[in-house]
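Protein chains: 2
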Amino acid sequence: MAIRGNMLIAQSGGPTAAINASLAGAVEFAMEREEIGQIYGAKNGVEGILQEHFVDLRPLLQTPEDFTRLVKTPAMALGSCRKRLSEQPNEEYEKLLDIFLRWEIRYFFYIGGNDSMDAVKKLSAYFSAKGEDIRVVGIPKTIDNDMACTDHTPGFGSAARYIAATMAEIACDSAIYTPASLTLVEIMGRNAGWLTAAAALARRPGWDAPHIICMPEIPFEEEKFLRRVRELQAEKKHLILAISEGIRYKDGTYVAAQSKLDAFGHRQLSGAAHTLGSLLLEEIGCKVRPIELNVLQRCSAHLSSETDLREAACIGKEAVSFALDGKTGVMATFIRESNNPYTIRYGYAEVEKVANVEHTVPVEWIDAEHMDIRQELIDYLTPLIQNPSDPESGLPTYFQIP
Amino acid sequence: MAIRGNMLIAQSGGPTAAINASLAGAVEFAMEREEIGQIYGAKNGVEGILQEHFVDLRPLLQTPEDFTRLVKTPAMALGSCRKRLSEQPNEEYEKLLDIFLRWEIRYFFYIGGNDSMDAVKKLSAYFSAKGEDIRVVGIPKTIDNDMACTDHTPGFGSAARYIAATMAEIACDSAIYTPASLTLVEIMGRNAGWLTAAAALARRPGWDAPHIICMPEIPFEEEKFLRRVRELQAEKKHLILAISEGIRYKDGTYVAAQSKLDAFGHRQLSGAAHTLGSLLLEEIGCKVRPIELNVLQRCSAHLSSETDLREAACIGKEAVSFALDGKTGVMATFIRESNNPYTIRYGYAEVEKVANVEHTVPVEWIDAEHMDIRQELIDYLTPLIQNPSDPESGLPTYFQIP
Chain A
990 MAIRGNMLIA QSGGPTAAIN ASLAGAVEFA MEREEIGQIY GAKNGVEGIL QEHFVDLRPL
1050 LQTPEDFTRL VKTPAMALGS CRKRLSEQPN EEYEKLLDIF LRWEIRYFFY IGGNDSMDAV
1110 KKLSAYFSAK GEDIRVVGIP KTIDNDMACT DHTPGFGSAA RYIAATMAEI ACDSAIYTPA
1170 SLTLVEIMGR NAGWLTAAAA LARRPGWDAP HIICMPEIPF EEEKFLRRVR ELQAEKKHLI
1230 LAISEGIRYK DGTYVAAQSK LDAFGHRQLS GAAHTLGSLL LEEIGCKVRP IELNVLQRCS
1290 AHLSSETDLR EAACIGKEAV SFALDGKTGV MATFIRESNN PYTIRYGYAE VEKVANVEHT
1350 VPVEWIDAEH MDIRQELIDY LTPLIQNPSD PESGLPTYFQ IP
Chain B
990 MAIRGNMLIA QSGGPTAAIN ASLAGAVEFA MEREEIGQIY GAKNGVEGIL QEHFVDLRPL
1050 LQTPEDFTRL VKTPAMALGS CRKRLSEQPN EEYEKLLDIF LRWEIRYFFY IGGNDSMDAV
1110 KKLSAYFSAK GEDIRVVGIP KTIDNDMACT DHTPGFGSAA RYIAATMAEI ACDSAIYTPA
1170 SLTLVEIMGR NAGWLTAAAA LARRPGWDAP HIICMPEIPF EEEKFLRRVR ELQAEKKHLI
1230 LAISEGIRYK DGTYVAAQSK LDAFGHRQLS GAAHTLGSLL LEEIGCKVRP IELNVLQRCS
1290 AHLSSETDLR EAACIGKEAV SFALDGKTGV MATFIRESNN PYTIRYGYAE VEKVANVEHT
1350 VPVEWIDAEH MDIRQELIDY LTPLIQNPSD PESGLPTYFQ IP
C-alpha cells in the first residue's frame, strides 16, 4: 500500500505546548521509512504551502537533542495560519495539487483542530476526485479538547496541568488576608468547558479550590450564581471561581459581551471574569480579583504534561503509519481503554466526522446544581496531566498551618 | 549577649514564592539554639499578635520533609496583614508589650517589605524605650526588590525567573501567524521597575524579546513610545512589550488611570497594558494583545529560583543569629561581593534606614532613549534567577526553523 514519494507536514490553528511533539514524532518515524524521500515542513500551514514556503526538515533534525528541543518548544515551530479553503474546489485547490505534484508529495500531514481538519477533508476529497494517490492525514491538536472521534486531544493535557497547578498556587495566594475575598479565574474554551473543568484537578487533601466551576455547557443564571456564592461564603472566607470565557445566558448571549464597556470598543477588556467580578463587587462587595490566564495556559511548555507530550509524539508517528498503510481523509485518534490503570490505543476516524464538529463536555458529567463537576469527569481528566518523573505532577502538597 | 526566652515569627505584606523559605530557615536555626524556648508563629502578622493568635511551630516542623514542604509552599503559611501601627505609641503598643511579656517572647522576627519594616522600627524603639530586652529583627521580603540597604530582596529572584520564563513562552506564542502583532505584558512594581526589567532575561541567542521595556523610573511619553514601536515594526513583525503597571506621565499621573473606563468604576480593568493596547490599536491598528501576569508572578512556586529560595532560608537564619547576638531594630541584608562568580554575604542595616524607603532602579542602568535596560542591570539580575539543578534555569533554547 505504501508508495514512494515525499512528505509534507504543516501546523495550523492556535498554539499548544504539544504541537511540536507531534511534528517531532511524525518526522522521526518518517525518517526511518524508505518509502519516504524528502521531508518538507510548510511554514504557516496552507498559507505557506500556496507560497511553496517549504523547509527541508531532515538536516534540521539530526540528533536526539534536536528532537528533544523541538518537543519542548511551545507553539508552532513551523508557524500557523487561520486560512479556510473554499467550500467548492477552486483555483486554489488546483494550485495546491500542482504544487504537490511538482514537489512529488505523496504524504501530507496537517496538525490542527476542527478547522484544520476541514482542510484535510477538502484536500483529500479533491485529490481522490482527481485520481491522485496523495494521502492526506490529520493529526489532532487543541488545548480545548473539543474534537470529535478521539478520547482527547494532544495539547489538552499540558494546558490542563498548567491550569491545575496555577489554580493551586492562586489558592495559596488568595488566602493570606483575613477579609473575605472572591477570586475569579478566567479559562479558555469558547464552547467547551474541558479546560475550565481541569481547574478541579487542583483539589487534593486540605485544598478544596476551586469552589465554583462555571462551564459554557450550562446556561449561566445570575441569581443562581449569586445564591451559590453566598451559600459558600457562609462556610469559607476565600472563594476561588473557575470561569469559562465562553459562559452564556439562556438566550445565548455571552456573559463577557454583557459588559457596559463594549460601547467604547474595548471588548478585550470585558472578559467573563471581569464582568462577573463587577457583578460580585456590586452585589456582595467584598474584595474581588479577576485573573485571566490568557495565552499562558496554551504556551506554558515549562508545565507541560509528560503524558501529553509522549502521546502527542506517538499520534504523530501513528498518522504517518496510517498514511503509509494507504489511509487518506482520516485523522489519527486516541481510544481510551481504561482510566486506572490509564491505557490508550491509537486509531483513526473519517475526517468528515471530525471537521467542524465541536465535542463539548457531556452534561451528565456536570453538577449544574452546585456549579461543579462530577467524579466521572475528574476520573477522565486525572491521567492526562500525569508526569511520571514527578509523582505530584505539579501539584505539591503544600504546607498548611492549622 | 544571648538571653533565654521564647521566639515569635510572623509574615506581612504581599505574597512571594520565597517568604516561607525565610520562615523555614529562621525556625530551623532557632530550633538548635538552647537560648530559644518556644517557637511561636503568629497568624496574620501584627493583626494576629494583637489577638494572641499563636501557633506552636516545633511540633509542625519535625522532619526535613516538613521543612522542604514549607520552603516550596508559595504565599504566607502563617497568613499576612496590611496593618500599620500608629505613629506614636498608643494602647496597641502597650497591649503588644503586655502580650510579649506574658508569652515570654524575647525574640521577634517580622518577614515583610518596606511597610512591615515600619512595624519593626516602631516596636523595637518602643520596647527599648520601655527598657525591655526584646529583640525585634526584620527579614526582608518582596517581589518588587524595592527595599533599601540590601542588594536585593528574597522573593524577587523567583518572580523574576517566572517573568523571564513566561516572557520566553509568550514570544513563541505571539510569533506563529503572518500578520504583524503587538503583545503587551503588564508586570508588577508600582514604583520600581526591577521586575519589569527582569523580562529582559528572556533574551538569549535567537530570541530578542522583549523589544520595548517601559519602567516607572522613566516618565512615559506617548509620542516617543509610538515612534519607537513604529521604528521597531519596520524591522520585525511581532513585538513584545514589557510594561510596568506603574508607568506614569511626566505630570505624575498613572498611564493606567488615564483609561476612559474609570467613570464606570471599573478601575481593575484599566491596567497600563490595556490602556496602551487601546492606544496602539487606535494609532497603529495591527493585532494587539494585552496580558496581565497578575498574581501569578508572585505565587508561582513551580518556577521559583533555587538561588532565591536558598538565600531566603539563609537570611532567615542570619536574622536569628543577629538577634541572639543582641541586635534589635535591624533588618538582615544581602551584600553582593561579585556578579561573576556570584557571591554574597549577609549583613544588617538599621531598620530606620529601610522602613518606608523605596529603592528604585538607578536611572543610569536604564536606556531611556531605546526604552530598554543596560548591560549593568542584566549583569545584576542574571545571578538571581539561576537554578543550579537546571543549567538553562527555565529558559530552554527553543527549536527554531529559519
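If you're matching them up, the sequences are chains A and B in order. If you're matching positions, the first sequence starts at 990 in the working numbering and goes up one per residue. If you're matching positions, the second sequence starts at 990 in the working numbering and goes up one per residue. Quick reminder that beta carbons are idealized off the backbone N, C-alpha and C, glycines included.
Buried or exposed, going by whether 16 or more other CB atoms sit within 10 Å of the CB of GLY1315(A)? exposed
Taking only beta carbons into account, state which residues of the stretch 1021 to 1054 of chain B come closer than 7 Å to chain A, listed in chain order. GLY1030, ASN1033, GLU1036, VAL1044 and LEU1049
Would you tell me roughly how many angstroms separate the C-alpha atoms of ILE1324(B) and MET996(A), rounded to the nearest one? 59 Å
Specify the secondary structure class of CYS1288(B) as computed by DSSP and reduced to three states. helix
Within a Cβ cutoff of 8 Å, which residues of the same chain sit near THR1332(B), ignoring the five residues on either side of it in sequence? ARG1325 and GLU1326
Out of VAL1343(B), PRO1377(B) and HIS1359(B), point me to the one whose CA is closest to CYS1138(B)'s CA. VAL1343(B)
Rounded to a whole number of angstroms, what is the C-alpha to C-alpha distance between LYS1213(B) and GLU1272(B)? 13 Å
For VAL1352(A), which residues in the same chain have their Cβ closer than 8 Å to its Cβ, ignoring the five residues on either side in sequence? GLU1206 and ILE1207
Can you give the Cα-Cα distance for LYS1084(A) and LEU1292(A), rounded to whole angstroms? 41 Å
One question on the structure: do GLY1034(B) and SER1001(B) come within less than 9 Å of each other, judged by their Cβ atoms? yes
Are the CB atoms of ALA1302(A) and GLY1127(A) nearer to each other than 9 Å? no
Along the chain, which unbroken stretches of the beta strand (DSSP E) at least 3 residues long are found entirely within the stretch 1323 to 1363 of chain A? 1331 to 1339
Minimum Cβ-Cβ distance from ALA1064(A) to chain B less than 9 Å: yes
Give the secondary structure of CYS1070(A) by DSSP, where H, G and I count as helix, E and B as strand, and everything else as coil. coil
Excluding sequence positions up to five away, which residues of its chain have a Cβ less than 7 Å from the Cβ of ALA1064(B)? PRO1004 and CYS1288
So is ILE998(B) in contact with chain A if we call contact Cβ pairs under 9 Å? no
Is DSSP giving LEU997(A) helix, strand or coil here? strand
Between LYS1110(A) and GLY1318(A), is the Cβ-Cβ spacing less than 9 Å? yes
Any idea what DSSP makes of PHE1214(B), helix, strand or coil? helix
I want to see whether chain A comes within less than 9 Å of ALA1290(B), judged by CB atoms only; does it? yes
Closer than 9 Å, CB to CB, is PRO1391(B) near chain A or not? yes
Would you mind sorting THR1052(A) into buried or exposed? The rule is 16 or more other CB atoms within 10 Å of its CB. exposed
By DSSP's criteria, GLU1175(A) is part of a beta bridge. Which residues make up the other side? ILE1232(A) and GLU1281(A)
So, at 7 Å on beta carbons, what are the nonlocal neighbours of GLU1265(A) in its own chain, with the 5 sequence-adjacent residues on each side left out? The displayed chain sequence assigns Leu, not Glu, to residue 1265(A). Only LEU1173, ILE1232 and VAL1244 meet the Cβ criterion.
Is ALA1227(B) helix, strand or coil by DSSP? The identity of residue 1227(B) in the sequence shown is His, whereas the question assumes Ala. It is a strand residue.
List in chain order: all unbroken beta strand (DSSP E) runs of 3+ residues lying wholly within the stretch 1026 to 1107 of chain A. 1043 to 1045 and 1094 to 1101
Measure the alpha-carbon distance for VAL1350(A) versus PHE1145(A) and round it to whole angstroms. 14 Å
Between PHE1388(B) and chain A, is any beta-carbon pair separated by less than 9 Å? yes
is_contact[CYS1275(B), chain A] using C-beta, thresh 9 Å: no
Can you have a look at TYR1306(B) and say buried or exposed, based on whether 16 or more other CB atoms are within 10 angstroms of its CB? Correcting the residue identity first, residue 1306(B) is Lys in this sequence and not Tyr. Buried, since its Cβ has 16 or more Cβ neighbours within 10 Å.
Distance cutoff 9 Å, beta carbons only. Does LEU1190(B) sit that close to anything in chain A? no
According to DSSP, what are the bridge partners of ASN1180(B)? In DSSP, ASN1180(B) forms no bridge with anything.
Do ILE1374(B) and SER940(B) count as a contact pair if the criterion is CB distance below 9 Å? Chain B is shown only over 990 to 1391; residue 940(B) falls outside these bounds and no answer can be derived.
Counting contacts by CB-CB distance shorter than 9 Å, is ALA1261(A) in contact with chain B? no
For ALA1108(A) and LEU1074(A), believed in contact at Cβ under 8 Å, the rounded distance: 6 Å
Can you give me the start and stop residues for the alpha helix (DSSP H) that ARG1150(A) sits inside? 1145 to 1163
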